[in-house]
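Here is the structure we will look at, set down as structure tokens.
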Amino acid sequence: MLRILLAGPGAIVVTLALLAGMPLWLPGGAAGIDNLAFPLVLAPLIWSLLFFHACLDRSIARVAFVAAALLLIHGGMVAQRLVTVPAAAKVAR
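Every letter in the sequence shown is one number past the one before it in the working numbering, and letter 52, counting from 1, is 70.
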């Protein structure tokens with residue numbers, strides 16, 4: 019049952035967290051939009067890697083650890099970005 023949850027909704031949730039966190043650490047590129055385009059292009063690949071990892075790995079604990087680590091790291095980066103106030107907003111107050 020846990021394997022099904024990690025392969026189905028778990029893979030989707032972790033993929034969405036990765037998509038939200040990737041622009042924070044990917045470089046912007048020449049046009050300044052590569053950090054937004056790459057996560058969208060890589061979304062099916064990320065989801066399929068998480069899905070097949072959950073289906074094929076013998077250790078369900080390893081699958082849960084990898085998924086939880088990715089979710090916590092990228093979710094934490096997004097939360098930190100949302101909580102911190104930019105310097106320009108501090109001056110405007």
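Think of the CB as a built atom: it goes at the ideal place given N, C-alpha and C, for glycine as much as any other residue.
In the three-state reduction of the DSSP assignment, residue 82 falls in the helix class. Here residue 33 is buried, its C-beta having at least 16 other C-beta atoms within 10 Å. Across the structure, residue 70 and residue 56 are spaced so that their CA atoms are roughly 21 angstroms apart.
Annotation: residue 59 to residue 19 spans about 30 angstroms, alpha carbon to alpha carbon. One thing to note: residue 78 has its Cβ within 8 angstroms of the Cβ of residue 21. Residue 37 is positioned such that its CB atom lies no closer than 8 angstroms to that of residue 72. Residue 21: member of the alpha helix (DSSP H) spanning 20-25, first to last residue. In the displayed model, residue 52 falls within a helix according to three-state DSSP.
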